[in-house]
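Input: a single structure, listed below in structure tokens.
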Amino acid sequence: MTDLGNDISGVIQADRAHVWHHLMQHKSLETNDPKIIVEGKGMRVWDASGKEHLDAVSGGVWTVNVGYGRTSIANAVRDQLIKMNYFSNSAGSIPGAQFAKKLIEKMPGLSRVYYSNSGSEANEKVFKMVRQIAHRVHGGKKYKILFRERDYHGTTIAALSAGGQGERNAHYGPFTPGFVSVPHCLEYRNQFPDAVDYGVAAANAIEQVILREGADTVGALCLEPITAGGGVITPPDGYWPRVQEICEKYDILLHIDEVVCGVGRTGEWFGYQNYDIKPDFVTMAKGVASGYAAISCTVTTDAVFQMFKDDTDPLGYFRDISTFGGCTAGPVAALENMAIIEREDLLNNTLKMGDRLMENLRALQNKHNVIGDIRGKGLFAGAELVADRKTKEPAGEKMVQAVVAHCMSHGVIIGATNRSVPGFNNTLCLSPALIATSDDIDQITDAIDYALTAVFN
Ligand code: PMP
């Protein structure tokens with residue numbers, strides 16, 4: 001534990017006076033101190049009061065995949081920064097080239113990596129590439145980008161335009177034209193009750209939108225492999241093969257947003273690799289360097305890359321730059337992050353611990369009627385809370401937040417879905433680091449058991 005001496009009250013004062021926190025209603029800080037996290041090791045973090053927390057959400061937002069306190073990453077970054085910290089990515093760097101090669105080895109069928117800094121930005125790159133292809137290859141057609149209800153692709157205005165979570169978007173319009181939503185695929189809240197095969201029906205709903213808009217206007221379909229903040233929605237059987245078929249049929253580029261699922265979270269390197277999908281674009285950020293440096297990647301195929309190599313046209317290349325996409329700290333941290341996952345066999349651990357997490361959650365579901373549905377893959381799980389199992393009426397947001405708060409008081413940090421579409425903010429989210437042990441998993445589910453008992457009994 002760090003010794004903060006007398007300084008902590010000054011830190012709290014400075015924070016309260018000057019920091020605008022993310023996703024926060026600051027009224028709450030008029031009566032409560034801001035939480036200051038001062039140290040992390042493995043799965044655990046310590047706050048300024050010295051309290052230890054087991055972090056079941058990898059830094060709050062599914063990021064610190066290899067856990068806290070990784071000196072090998074810190075040392076690699078330090079050495080690289082002393083040698084060469086930055087040059088615009090119009091030139092290359094040693095870690096940039098090395099990480100791109102290593103990444104592509106994990107992603108058969110893909111071939112090019114474009115570096116930037118955040119998930120939102122990585123997705124914006126895809127949107128720009130799709131638009132440029134529309135202008136240059138399709139005579140201005142095929143500019144529309146489809147996104148799915150409940151998915152999230154980032155915070156910038158264009159990324160929000162592709163956002164399927166209502167409350168995140170409210171008051172930020174007008175949005176960028178040319179983004180069109182398709183229905184979600186959450187079987188628990190089945191939108192196609194008459195369908196024989198729910199997965200195929202949910203995918204066919206995408207085809208209906210394409211036909212309505214006109215296939216010659218649709219350039220890309222942007223999907224999370226498993227919806228994260230919108231409710232940990234694992235796709236139903238039959239969904240992905242049909243989605244792939246539809247994209248091929250209408251010549252629509254498939255963009256998979258791996259910002260959450262990427263780099264081990266589901267027990268595969270990438271979430272899409274659970275489903276035999278052939279994406280044209282894959283974007284990633286959070287777990288790429290586990291928060292040790294800011295990095296995001298937009299990865300695409302050689303076929304897409306070749307479309308941007310027309311030197312007969314002054315506009316025939318990708319006219320985009322991300323200044324900090326030239327920072328070497330990102331790729332060097334990402335290289336060591338990936339090396340740790342390999343050295344410590346963390347994909348296997350994720351599968352094993354993921355099974356245990358689901359088993360424990362199922363036991364909790366048997367015990368607590370308030371758990372309506374559990375979903376997930378690897379160390380990525382959600383438990384949807386309902387007021388009534390029969391009607392599936394969602395549990396109230398205050399109750400869900402009370403469960404999160406009780407877990408916190410019990411020493412475990414868990415998450416809950418964003419306030420998205422009203423009535424859909426009722427899923428507890430778990431995404432512990434890939435290094436979790438059986439004891440950690442049990443501690444997490446014990447805390448949830450305690451919290452559900454406290455809040456609902
Ligand atoms: N895509 C998904 C699936 C995400 O969950 C997020 C962030 N939660 C983003 C994109 C945006 O990433 P960032 O916050 O790094 O811009």
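The sequence shown: position 350 = 350 (the UniProt record's numbering), numbered continuously. Beta carbons are placed, not taken as given, at the ideal position from N, Cα and C, and that holds for glycine. Everything numeric in this text was worked out from a predicted model, so none of it was measured.
Contact test: N123 Cβ vs the ligand PMP heavy atom, cutoff 7 angstroms: yes
Any heavy atom of the ligand PMP closer than 7 angstroms to the CB of E248? no
Along the alpha helix (DSSP H) that carries T350, what are the first and last residues, could you check? L346 to K367
Here's a check: name, in chain order, each residue in its chain whose Cβ is nearer than 8 angstroms to the Cβ of D51, leaving out the five neighbours to either side. For the sequence presented, residue 51 should be read as Lys rather than Asp. For K51, where only same-chain residues beyond five positions count, the Cβ hits under 8 angstroms are G411.
Could you name each continuous alpha helix (DSSP H) segment of 4 residues or more that falls completely within the stretch 255-342, going from the start of the chain to the end? As far as the stretch 255-342 is concerned, its whole alpha helix (DSSP H) runs of at least 4 residues are 302-306.
Bridge-paired residues (DSSP) for P394: V386
Have a look at M84 and A97 and give me their C-alpha separation to the nearest angstrom. When rounded, the distance between both Cα atoms is 14 angstroms.
Relative to the alpha-carbon of L29, which residue among T312, V38 and Q13 has its alpha-carbon at the smallest distance? Q13
Less than 6 angstroms between C-beta atoms, sequence neighbours within five positions excluded: which residues of the same chain meet that for G154? Once the five neighbours on either side are set aside, the close Cβ partners of G154 are G119, S120 and N123.
Along the alpha helix (DSSP H) that carries Y450, what are the first and last residues, could you check? S438 to F456
Considering only heavy atoms of the ligand PMP, does any lie closer than 7 angstroms to the CB of E224? yes
Alpha-carbon to alpha-carbon, R356 and I414: 17 angstroms
Taking the alpha-carbon positions, what's the E258 to A17 distance? Rounded to whole angstroms, E258 to A17 spans 36 angstroms at the Cα level.
Segment contact flag, the stretch 189-205 with the stretch 126-136, C-beta cutoff 8 angstroms, min 3 pairs: no
Where W20 falls, given that 16 or more other Cβ within 10 Å makes a residue buried: exposed
Return helix, strand or coil for R150, following the three-state DSSP convention. coil
For V57, three-class secondary structure by DSSP: coil
Measuring only from the beta carbon, is S118 closer than 7 angstroms to any heavy atom that is part of the ligand GTP? Annotation note on the ligand GTP: not contained in the displayed structure, which lists the ligand PMP as its ligands.
When every heavy atom of the ligand PMP is checked, does at least one fall within less than 7 angstroms of the C-beta of G229? yes
May I ask you to list the residues that DSSP assigns as paired with C407? BP columns for C407 are empty, so no partner.
Just how far apart, CA to CA, sit G238 and G199? Spanning the two alpha carbons is a distance of roughly 5 angstroms.
Have a look at E336 and S72 and give me their C-alpha separation to the nearest angstrom. 7 angstroms
Rounded distance between the beta-carbons of G164 and G229, thought under 8 angstroms: Actually they do not touch by this definition, with Cβ atoms about 10 angstroms apart.
Along the chain, where does the beta strand (DSSP E) containing G372 start, and where does it finish? First-last of the beta strand (DSSP E) with G372: I371 to G376.
Run of the alpha helix (DSSP H) containing F99, from where it starts to where it stops: I94 to E105
For A303, which option in A293, P279 and A159 has the closest C-alpha, if you only look at C-alpha atoms? P279
In whole angstroms, what is the alpha-carbon distance linking T227 and S9? Spanning the two alpha carbons is a distance of roughly 40 angstroms.
In this structure, what does DSSP give as the bridge partners for Y114? T298
Give me, in chain order, the residues of the same chain whose beta-carbon lies closer than 7 angstroms to that of residue 510; leave out the 5 immediate sequence neighbours on both sides. For the chain, the structure presents residues 1 to 457; residue 510 sits outside this window and is missing.
Should G109 be labelled buried (16 or more other beta-carbon atoms within 10 Å of its own) or exposed? exposed
Nearest-angstrom Cα distance between A339 and P314? 41 angstroms
Can you give me the C-alpha to C-alpha distance between A436 and R319, rounded to a whole angstrom? 43 angstroms
Between S116 and S296, is the Cβ-Cβ spacing less than 8 angstroms? yes
On a Cα-Cα basis, can you pick out the residue from R265, I252 and V243 that is closest to I277? V243
If you draw a straight line from the alpha carbon of Q443 to that of I321, how long is it in whole angstroms? 45 angstroms
Check this for me: beta carbons of T234 and K377, under 8 angstroms apart or not? yes
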